[in-house]
Each structure stands twice: as C-alpha cells, then as structure tokens.
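Colleague: Numbering follows the UniProt record's numbering, with no gaps: position 84 of the sequence shown is 84.
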Amino acid sequence: MIFKPASFRLWNFWAPYYEKLWVQSVSLTPTRRAVIQQVSAWIQSYQPLHAHQAHETHTAQPSSPTFPKLRILDVGCGTGQLLRDIRRAFPHLPLELTGVDYAPAMIAQAQALESGETRPITYACLTAQQLDQLPQPCHLILCTHSFPYYPDQRKALDQFRQALVPGGHVIMAQAAGVTLYDRFVLFFVKWTTGAALYPSEPAVRQLIHRRFQVKLVRPLRGKWFMPTILLFHLEEAAQ
C-alpha cells in the first residue's frame with residue numbers, strides 16, 4: 001500500500017476548500033512558481049534555442065520540429081493547480097498534461113475546472129501504485145507536497161521510473177524535516193493532512209539510489225515560519 005484510507009477521507013474533505021486554504025499563499029503557490037521555473041529549464045534541455053523565447057514571448061510555433069510533444073504527469077495533482085499554471089505558462093507548446101490523485105473529490109474538482117478549455121488536461125483517479133494504467137509513458141513526472149504521504153516511498157519511486165520514457169525526469173518539491181524547528185512544525189501539520197514522512201536531502205539520496213540521479217537540489221525560500229521545503233530535479237539513472 002502506498003496510501004492509507006484515513007488520509008483518503010481527509011483529502012476528500014479538504015477538496016472543496018483546497019484552493020482557498022491559507023497555506024496556498026505562503027507555501028503552495030511559491031512552490032508551484034519554483035517548479036514551473038524548473039519545468040522551463042527542463043523544456044530548454046529539449047529546446048535549447050527556442051524554449052526560453054516560447055516561455056517569455058509566447059511566439060514559438062507548435063508545429064516546429066524543435067518542439068516535440070512532451071508528456072507531463074503530475075502525481076498527487078490535487079485540484080490541478082500546477083497543471084493549469086503550466087498550461088498558462090507554455091500556451092504554444094504541444095504538451096500533453098495529465099494529473100492523477102487518489103482522492104476522488106480532488107479529481108472531481110479538477111475536472112470541473114476544465115469545462116470549456118480548448119487544451120484540456122486529462123485527469124484520473126489513480127494512486128502512485130497504479131501508474132501502469134496510464135496509456136503512455138511520460139517524459140516528466142511532477143510530485144509536489146504529496147511524496148511525504150507515501151508510506152512506501154521506495155516503491156513509489158519505482159513506479160515513477162516505470163512510468164517514464166527512458167532517460168525521463170522527475171521534479172519533486174516537499175517539506176523536509178531538516179531542523180528541529182522543521183520537525184516541530186511538521187508534527188502539527190500531520191494532524192490536518194494525515195501521517196507523513198518528510199525525508200531530508202540525504203534520505204532522498206538514499207531512496208533514489210540506483211533509480212535516479214540528482215541533477216539539482218535547492219531549498220525554496222518562504223515565510224520565516226514555514227518549514228524547509230526542498231526541490232529535487234532527478235533524472236533516471238543509467239541501466
């Protein structure tokens with residue numbers, strides 16, 4: 001089991017209010033901005049000449065051979081905020097965006113917000129254990145603030161790897177129990193979100209051993225009272 005039933009009910013409860021929670025402004029929104037910056041850098045690795053221009057000026061042509069169709073999967077997507085932000089940030093790139101979450105109420109909220117969209121995002125109610133049900137492997141997996149809630153984190157990383165094309169990438173961002181203050185704050189966070197394990201950078205490096213290699217790791221600066229949040233950019237390790 002990667003998820004627990006208790007937290008399943010908890011996230012269903014939060015779904016209608018999720019985008020209005022106070023933590024959006026102090027943590028979730030800044031995290032999404034940082035992730036999108038890293039996604040932009042990742043896209044440039046495929047489009048070294050034109051991706052920056054596409055992001056800044058929105059003038060790139062999606063039919064250009066320098067813009068392959070890239071599939072991005074958000075695991076633990078919640079109500080789809082990050083994927084919607086990516087769609088807005090790269091309106092002319094041929095991105096296939098998919099979000100999965102194990103809480104049906106979160107997926108229902110995300111799907112309701114897709115009404116009338118000409119570039120719809122695909123959503124599915126799946127756990128990280130069920131990524132093999134997706135029709136195609138993806139080029140990039142995003143996982144923001146949900147990884148700590150996976151009791152079997154090694155197995156989750158194995159599932160990520162299997163869901164990627166060869167040489168695929170993962171961008172994760174989550175709170176980390178680095179300092180005594182972090183652990184104190186996160187102890188109370190668990191009462192509103194469910195049981196969690198917040199791995200430090202050394203712990204993540206152990207978890208990804210022989211699965212992924214670290215391309216980048218950096219702390220995300222936020223309000224002084226927020227716990228440490230780390231962003232990891234991982235690439236599939238060579239066989």
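Note that CB positions come from ideal geometry on N, CA and C, so glycine has one too.
All values derive from a computational prediction rather than experimental measurement.
With distances taken between CB atoms, is the gap from Ala105 to Asn12 smaller than 7 Å?
Modeller: Along the sequence shown, read from residue 1 onward, the residue named residue 105 stands at position 105. Along the sequence shown, read from residue 1 onward, the residue named residue 12 stands at position 12. Contact flag set, yes.
Colleague: Three-state secondary structure (DSSP) at Gln61?
Modeller: The residue given as residue 61 occupies position 61 in the sequence shown. In this prediction, Gln61 scores a pLDDT of 47, lower than 50, which makes its location untrustworthy; the coordinate-derived value is nonetheless stated afterwards. Of the three classes helix, strand and coil, the one that applies to Gln61 here is coil, per DSSP.
Colleague: For Met172, tell me which candidate among Val217, Pro30, Phe187 and Ile121 has the shortest Cα-Cα distance.
Modeller: Mapped onto the sequence shown, residue 172 falls at position 172. Comparing Cα positions, the closest option is Val217.
Colleague: Could you check whether the stretch 205-221 touches the stretch 67-84, counting it as contact only if at least three pairs of C-beta atoms, one from each stretch, sit closer than 8 Å?
Modeller: With a cut-off of 8 Å, the stretch 67-84 and the stretch 205-221 do not count as touching, because too few Cβ pairs lie within range.
Colleague: Measure the CB-CB distance between Pro148 and Ala196 and report whether it falls below 7 Å.
Modeller: One-based indexing of the sequence shown puts residue 148 at position 148. One-based indexing of the sequence shown puts residue 196 at position 196. It is a contact, given that the beta carbons lie within the stated cut-off.
Colleague: Just list the residues that DSSP pairs Ala110 with in beta bridges.
Modeller: The count along the sequence shown starts at 1 and reaches residue 110 at position 110. DSSP, once it has assigned bridges, lists no residue as partnering Ala110.
Colleague: Could you compute how far the alpha carbon of Leu164 sits from the alpha carbon of Pro227?
Modeller: As a position in the sequence shown, residue 164 is number 164, starting the count at 1. As a position in the sequence shown, residue 227 is number 227, starting the count at 1. Looking at the two C-alpha atoms, the distance is approximately 30 Å.
Colleague: So the beta strand (DSSP E) Phe225 belongs to, where does it begin and stop?
Modeller: Here residue 225 refers to the residue found at position 225 of the sequence shown. Phe225 -> no beta strand (DSSP E), and no H or E assigned at all.
Colleague: On a Cα-Cα basis, can you pick out the residue from Ala110, Lys155 and Leu234 that is closest to Thr98?
Modeller: Stepping through the sequence shown from its first residue, residue 98 is reached at position 98. Cα-wise, what sits closest to Thr98 is Ala110.
Colleague: Please state whether the Cβ-Cβ distance between Pro144 and Thr31 is less than 7 Å.
Modeller: Numbered from its first residue, the sequence shown carries residue 144 at position 144. Numbered from its first residue, the sequence shown carries residue 31 at position 31. It is worth fixing the name first, because residue 144 is Thr in this sequence and not Pro. Yes.
Colleague: By Cβ distance below 6 Å, which residues in the same chain neighbour Gln38 in space, the five residues on each side in sequence not counted?
Modeller: Along the sequence shown, read from residue 1 onward, the residue named residue 38 stands at position 38. Counting only Cβ-Cβ distances below 6 Å, and skipping sequence neighbours, we find Ile171 and His233.
Colleague: DSSP three-state call for Gln53: helix, strand or coil?
Modeller: Residue mapping note: residue 53 aligns to position 53 of the sequence shown, counting from 1. With a pLDDT of 45 at Gln53, under the threshold of 50, the predicted position of this residue should be treated as unreliable, though the coordinate-derived value follows. It is helical.
Colleague: DSSP on Trp22, reduced to helix/strand/coil?
Modeller: Here the question's residue 22 lines up with position 22 in the sequence shown. Correct three-state label for Trp22: coil.
Colleague: Starting from the C-beta of Gln81, find all residues in its chain whose C-beta is less than 7 Å away, skip the five residues before and the five after it, and write them out in chain order.
Modeller: Here residue 81 refers to the residue found at position 81 of the sequence shown. So the qualifying residues of the chain are Glu19 and Arg32.
Colleague: Note the first and the last residue of the continuous beta strand (DSSP E) segment covering Ile36.
Modeller: Here residue 36 refers to the residue found at position 36 when the sequence shown is read from its first residue. Where Ile36 is concerned, there is no enclosing beta strand (DSSP E), although the alpha helix (DSSP H) it sits in stretches over Thr29 to Tyr46.
Colleague: From Val100 to Ala124, what does the alpha carbon distance come to, in whole angstroms?
Modeller: In the sequence shown, the residue the question calls residue 100 occupies position 100. In the sequence shown, the residue the question calls residue 124 occupies position 124. C-alpha separation (whole angstroms): 5 Å.
Colleague: Put Tyr123 into one of helix, strand or coil per three-state DSSP.
Modeller: Counting from one through the sequence shown, the residue named residue 123 turns up at place 123. Correct three-state label for Tyr123: strand.
Colleague: Compute the Euclidean distance between the alpha carbons of Met1 and Thr193, then round it to the nearest angstrom.
Modeller: Within the sequence shown, numbered from 1, the residue matching residue 1 stands at position 1. Within the sequence shown, numbered from 1, the residue matching residue 193 stands at position 193. In this prediction, Met1 scores a pLDDT of 37, lower than 50, which makes its location untrustworthy; the coordinate-derived value is nonetheless stated afterwards. Going by the C-alpha atoms only, they are around 18 Å apart.
Colleague: Taking just the CA atoms, how far does Glu236 sit from Arg183?
Modeller: Within the sequence shown, residue 183 is the residue found at index 183, counting from 1. Within the sequence shown, residue 236 is the residue found at index 236, counting from 1. Between Arg183 and Glu236, the C-alpha separation is close to 30 Å.
Colleague: To which residues of the same chain is Leu186 closer than 8 Å at the C-beta, ignoring the five residues directly before and after it?
Modeller: Here residue 186 is taken as the residue at index 186 of the sequence shown, counted from 1. Excluding residues within five positions, the ones whose Cβ falls inside 8 Å are Ala175, Gly177, Ala196, Tyr198 and Pro227.
Colleague: Answer yes or no: do Leu131 and Gln159 have a C-beta to C-beta separation smaller than 7 Å?
Modeller: As a working note, residue 131 is residue 131 in the sequence shown. As a working note, residue 159 is residue 159 in the sequence shown. Their beta carbons are under 7 Å apart, which means Leu131 touches Gln159 by this criterion.
Colleague: Taking only three categories from DSSP, how would you classify Ile86?
Modeller: Start at 1 with the first residue of the sequence shown, and residue 86 comes out as number 86. Three-state result, Ile86: helix.
Colleague: Using CA coordinates, which residue listed in Val204, Leu93 and Gly116 is at the minimum distance from Tyr46?
Modeller: In the sequence shown, residue 46 corresponds to position 46, counting from 1. Ranking Val204, Leu93 and Gly116 by Cα distance to Tyr46 puts Leu93 first.
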